[in-house]
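2 protein chains.
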Amino acid sequence: MAKQVKIKDIAKMAGVSAGTVDRILHNRGNVSQASREAVERVLSEVGYRYNIHTSAISLRREYRIIITMPTASPGEYWGTMQEGIKHALHEYCDISIDCNYAFYNQFDVYSCRSAFESIPDSAPDAVIIGPTFTEETVSLCSRLDSRKIPYIFVDAAIEGTSPIATFTTDQYACGELLGHILHSITPAGSGFAIFRNQRIGNRSSNNSVERKKGFMNYCRKNGAGQQIHETSFSVMTPEDNEKSVIGFVEKHPDIRGIAVLNSRGYIIADILNRHSLDHIKMVSFDLTSNNIRGIRDGSIEALLCQRPGLQGFLAVKTVIRYLLYNRTDLPLHTLMPIDIVMKQNLDFYREFTEL
Amino acid sequence: MAKQVKIKDIAKMAGVSAGTVDRILHNRGNVSQASREAVERVLSEVGYRYNIHTSAISLRREYRIIITMPTASPGEYWGTMQEGIKHALHEYCDISIDCNYAFYNQFDVYSCRSAFESIPDSAPDAVIIGPTFTEETVSLCSRLDSRKIPYIFVDAAIEGTSPIATFTTDQYACGELLGHILHSITPAGSGFAIFRNQRIGNRSSNNSVERKKGFMNYCRKNGAGQQIHETSFSVMTPEDNEKSVIGFVEKHPDIRGIAVLNSRGYIIADILNRHSLDHIKMVSFDLTSNNIRGIRDGSIEALLCQRPGLQGFLAVKTVIRYLLYNRTDLPLHTLMPIDIVMKQNLDFYREFTEL
DNA sequence: CTGTTAGCGCATTCAC
DNA sequence: GTGAATGCGCTAACAG
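Keeping their order, the protein sequence lines are chains A and B.
Residue 348 in our numbering is what sits at position 348 of the first sequence, and the numbering runs on without skipping anything.
Remember, our numbering sits 355 above the position in the second sequence when you count from 1.
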């Protein structure tokens, strides 16, 4: 291992003192042009890297970050995201980070507005955003931009904003993968069905839209899904679905594969299960407790998962790297792997094997 | 966040000095029974945790670790493992770790013996072992045990040893999963084939044996694979396989699914591909460059992957936690997730999204 | 056996 | 503008 070059070394090489080098590294001004040039020349030659440990201990300032995303219980998608965040905070417990949450109801735009309202004014050092409503998010971001508060997206990116990093999944690819799986596990000539959830304000989420595109495209290109039927169901009042779902599949007896393009596959799976419609294979999204139950009892064939825990973890890690070590080499947009989880590999998908 | 209690605090509470507390935390001896008890009482009350940053910088000792595993090129299984190790070493570049490799040829027991030979005598602080040959490994471990040198297994565990940690995959579950996938994607009543590779010394690797058990068991329990044919092929001289593979599948026209229980699926896939035998679906193991090619061109349907990179990464991380922060809460045996990689999600499986 | 102390590399005053 | 000085919490060497 090559010996790391230290600030003092650089200072000596550039003929200045350590303090000056530090001022330059941190863009803190009060440096003469001559010193700046000398130091930057040395810097470009030797490739300095912070020692994160010493850096961390002497940085005594407390950082405040705000995390805003939909409310969730532990077993759900956003719950896992929060686990990841907690995990990162724990890993970095030696750095003092004051972390505040601003949760909102992902089905209620008003709750989102009121959650976003006071974020910029509380002047945090950074914000992590799990976005749902486009307009509200754009408006939040522009207020953050004008205060120069950096922010990071998880789960989804929003157009017209400038986050310092984004962690998402390629939803279009998810759709294609879902199409492929359904195609592979159903007999030739099968029909498919897409189940959307009814959204308040009649707008499908962006993620679902992309997934559907990918799914349809795969089917078209590969001759999968002789017929593709489409319907919707209610997440808020699941008891209403029983009749309509059964009616739907009876009306379309060619259906052998169902794609539920959000994380509520278990709702459909439970219904099919109760009626022993096990000639129909179902694939849905995300490793939620309910879906896990569906995988276990065989009512769900597979789940496509996007590592929400890792997303949260990386978001925090990136904030810290940005704020404390002002790293500029952080990837702008990171795409998560799409994990295919079935009964046989389910047990090994605990997030945070990563210690 | 609760304020962390520091060594000085503990010293004050126990009525001793910081040096004494440090000696106790590190089991460095030279402490009176009275002091020890006082400190341990305080410790159990307040729950001390090291500040890894300050700890790291003042730890001026250099640690030497030896990593022994099969030789490999970058795109291969063991190559990815080494990537993970490198990655961890990079993440901890502020700790001086002198890392030496002792590679051996996984097909040559003599090379393994000579690689293991001098490891204990060089008295490293820890050893990371990617084992292949059982006897040789057991012997190495017992020599390490008698010198109290800690070691960690990656990829496989070996009976009759006492590592401080192990990172593997549940190979039996892999076999079941493979059986399930093949079952799902082939028409009812299909026959399957298992391809083993010919091993020098006629011994199948332990991993393959477990995988086969899982596979057979799944098929038996679920009525998958009307017939299960078995044959072997040569990894060392792939050109010999063409005729025998084609002969084999022609002789058994019921075969619609092939399981290659090691990472050499591409060898069979290439042959099937050249002869346009695309009614036969193939599943194999590990994200190697050659297999990736097979996924891309459609000759391999799916790969089961066991995150070798993460294994290497965690092994190093664990060594460091053990050696430097003498943590005792480290998991003894960690099972990796089994990733199912297909054409549609291939591109997102770069290991080390984890920054 | 024990307390004291000098660093570790960096960030941040504070005089100059 | 700049350099020297101080402290972060911990380790390890040293003097008692």
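The beta carbon of each residue, even a glycine, is placed where N, CA and C say it ideally should be.
Any beta-carbon of chain A closer than 8 Å to the one on B:H332? Absent from the model: residue 332 of chain B. The displayed extent of chain B is 356 to 710, so no value can be given.
Kindly say whether A:M342, judged by its beta-carbon, lies nearer than 8 Å to any beta-carbon of chain B. Start at 1 with the first residue of the first sequence, and residue 342 of chain A comes out as number 342. It does; some Cβ of chain B falls within 8 Å.
Span separating the alpha-carbon of A:M342 from that of B:I695: Translated into positions along the first sequence, residue 342 of chain A becomes position 342. Translated into positions along the second sequence, residue 695 of chain B becomes position 340. Cα to Cα, A:M342 sits roughly 9 Å from B:I695.
Here's the rule I'm using: 16 or more other beta-carbon atoms within 10 Å means buried, otherwise exposed. How should B:M356 be labelled? Taking the second sequence and counting its residues from 1, the one referred to as residue 356 of chain B is at position 1. Per-residue confidence for B:M356 stands at a pLDDT of 49, beneath the threshold of 50, marking its modelled position as unreliable; the derived number appears in the next sentence. Looking at its Cβ environment, which holds fewer than 16 other Cβ atoms inside 10 Å, B:M356 is exposed.
With DSSP run on the structure shown, which of helix, strand or coil describes B:E585? Taking the first residue of the second sequence as position 1, residue 585 of chain B is located at position 230. In the structure shown, B:E585 sits in a strand (DSSP, three-state: E or B).
Which two residues bound the contiguous beta strand (DSSP E) that contains A:R196? As a working mapping, residue 196 of chain A is identified with position 196 in the first sequence. Segment G191 to N197, the beta strand (DSSP E) holding A:R196.
Determine the closest residue to A:F103 out of A:N207, A:E117, A:N27 and A:N206, with distance taken between C-alpha atoms. Here residue 103 of chain A refers to the residue found at position 103 of the first sequence. Measuring C-alpha to C-alpha distances from A:F103 to each of A:N207, A:E117, A:N27 and A:N206 identifies A:E117 as the nearest.
So with CB distances below 8 Å, who are the chain A contacts of B:A528? Against the second sequence, residue 528 of chain B aligns to sequence position 173. The contacting residues are Q344, N345, D347 and F348.
Below 8 Å, can you find three or more Cβ-Cβ pairs linking the segment 291-305 of chain A to the segment 128-144 of chain A? The segment 291-305 of chain A vs the segment 128-144 of chain A: no contact.
I need the straight-line Cα distance from B:L414 to B:H442, nearest angstrom please. Here residue 414 of chain B refers to the residue found at position 59 when the second sequence is read from its first residue. Here residue 442 of chain B refers to the residue found at position 87 when the second sequence is read from its first residue. Approximately 21 Å, taken between the alpha carbons.
Compare the C-alpha of B:V590 against each of B:S466, B:F462, B:Y573 and B:P479 and name the closest. Taking the first residue of the second sequence as position 1, residue 590 of chain B is located at position 235. The shortest C-alpha separation from B:V590 is found at B:F462.
Need the endpoints of the alpha helix (DSSP H) that A:I119 sits in, please. As a first step, residue 119 of chain A is located in the first sequence; it is residue number 119 there, counting from the start. Here A:I119 belongs to no alpha helix (DSSP H), and DSSP marks it neither H nor E.
Using only alpha-carbon positions, find the residue among A:H183, A:K6 and A:H279 that is nearest to A:A224. Looking up residue 224 of chain A in the first sequence gives position 224. Ranking A:H183, A:K6 and A:H279 by Cα distance to A:A224 puts A:H183 first.
Distance between B:T409 and A:I95 (C-alpha atoms, nearest Å): Position 95 of the first sequence holds residue 95 of chain A. Position 54 of the second sequence holds residue 409 of chain B. A direct Cα-to-Cα measurement between A:I95 and B:T409 gives close to 11 Å.
Go through its chain and collect everything with a Cβ distance to B:L398's Cβ below 7 Å, but skip five positions before and after it. For the purposes of this step, residue 398 of chain B is taken as residue 43 along the second sequence, with counting starting at 1. I365.
Does B:A543 pass the burial test, meaning 16 or more other C-beta atoms within 10 Å, or should it be called exposed? Position 188 of the second sequence, counting from 1, holds the residue named residue 543 of chain B. With fewer than 16 other Cβ atoms from the protein chains shown falling within 10 Å of its own Cβ, B:A543 counts as exposed.
Which residues of chain A have a Cβ atom closer than 9 Å to the Cβ of B:I693, listed in chain order? Counted from its first residue, the second sequence places residue 693 of chain B at position 338. Here the neighbours are Q344, N345, F348 and Y349.
Would you list, in sequence order, the uninterrupted alpha helix (DSSP H) runs of no fewer than 4 residues that lie entirely inside the segment 661-696 of chain B? Listed in chain order, they are 663-679.
Indicate whether at least one CB of chain A lies closer than 8 Å to the CB of B:D525. As a position in the second sequence, residue 525 of chain B is number 170, starting the count at 1. Yes, B:D525 lies at the interface with chain A (some Cβ there is under 8 Å from its Cβ).
Nearest to A:E210 (by Cα), restricted to the options A:T71, A:A315, A:G175 and A:N241: Residue numbering aside, residue 210 of chain A sits at position 210 when the first sequence is read from its first letter. When the alpha-carbon of A:E210 is set against those of A:T71, A:A315, A:G175 and A:N241, the nearest one is in A:G175.
Any C-beta of chain A under 8 Å from that of B:A512: Numbered from 1 along the second sequence, position 157 holds the residue referred to as residue 512 of chain B. With 8 Å as the cut-off, B:A512 does not count as an interface residue toward chain A.
Taking three-plus beta-carbon pairs below 8 Å as touching, is the segment 158-165 of chain A in contact with the segment 680-688 of chain B? No: fewer than three Cβ pairs fall under 8 Å.
Mind checking A:Y101: buried by the 16 CB within 10 Å criterion, or exposed? As a position in the first sequence, residue 101 of chain A is number 101, starting the count at 1. Classification for A:Y101: exposed.
Which residues of chain A have a Cβ atom closer than 8 Å to the Cβ of B:D641, listed in chain order? Position 286 of the second sequence, counting from 1, holds the residue named residue 641 of chain B. Within chain A, no residue comes near B:D641; the closest Cβ sits about 15 Å away, beyond 8 Å.
Within the continuous beta strand (DSSP E) that includes A:D155, where are the two ends? Residue numbering aside, residue 155 of chain A sits at position 155 when the first sequence is read from its first letter. Unbroken beta strand (DSSP E) run through A:D155: Y151 to D155.
Backbone secondary structure at A:N202 - three-state DSSP: Taking the first sequence and counting its residues from 1, the one referred to as residue 202 of chain A is at position 202. Only weak support exists for where A:N202 lies, its pLDDT of 43 falling under 50; the value from the coordinates is given anyway. Looking at A:N202 - three-state DSSP - the assignment turns out to be coil, as it is neither helix nor strand.
Return helix, strand or coil for B:S372, following the three-state DSSP convention. Taking the second sequence and counting its residues from 1, one reaches residue 372 of chain B at position 17. Coil at B:S372, not helix or strand.
Sequence-distant residues of the same chain with beta carbon closer than 8 Å to B:S618, five excluded per side: By one-based count along the second sequence, residue 618 of chain B stands at place 263. Cβ within range, chain order: E431, Y432, S639, F640, D641, T643 and N646.
Under the three-state reduction of DSSP, which class applies to B:C454: helix, strand or coil? Within the second sequence, residue 454 of chain B is the residue found at index 99, counting from 1. Annotated three-state conformation of B:C454 is strand, per DSSP.
Taking 8 Å as the cut-off, decide whether the C-beta atoms of A:I152 and A:A315 are in contact. Position 152 of the first sequence, counting from 1, holds the residue named residue 152 of chain A. Position 315 of the first sequence, counting from 1, holds the residue named residue 315 of chain A. For A:I152 and A:A315, yes; Cβs fall inside 8 Å.
Within-8 Å CB hit, A:H53 to chain B: Here residue 53 of chain A corresponds to residue number 53 of the first sequence, with the count starting at 1. Closer than 8 Å: yes.
Would a check of beta-carbon distances place B:S539 closer than 8 Å to chain A? The residue you call residue 539 of chain B lines up with position 184 of the second sequence. Yes, its Cβ sits closer than 8 Å to a Cβ of chain A.
Flag B:E531 as yes if its beta-carbon sits less than 8 Å from any beta-carbon of chain A, otherwise no. In the second sequence, counting from the first residue as 1, residue 531 of chain B sits at position 176. B:E531 counts as touching chain A.
In chain A, what lies closer than 7 Å to B:D449 by C-beta? Numbered from 1 along the second sequence, position 94 holds the residue referred to as residue 449 of chain B. By Cβ distance, chain A contributes N51, I52 and H53.
Roughly how many whole angstroms lie between the Cα atoms of A:R256 and A:S276? Residue numbering aside, residue 256 of chain A sits at position 256 when the first sequence is read from its first letter. Residue numbering aside, residue 276 of chain A sits at position 276 when the first sequence is read from its first letter. Here the alpha carbon of A:R256 sits roughly 13 Å from the alpha carbon of A:S276.
Given a cut-off of 8 Å on the beta-carbon distance, is the pair B:I583 and B:F550 in contact? Along the second sequence, one-based indexing puts residue 583 of chain B at 228. Along the second sequence, one-based indexing puts residue 550 of chain B at 195. No, the Cβ-Cβ distance between B:I583 and B:F550 is not below 8 Å.
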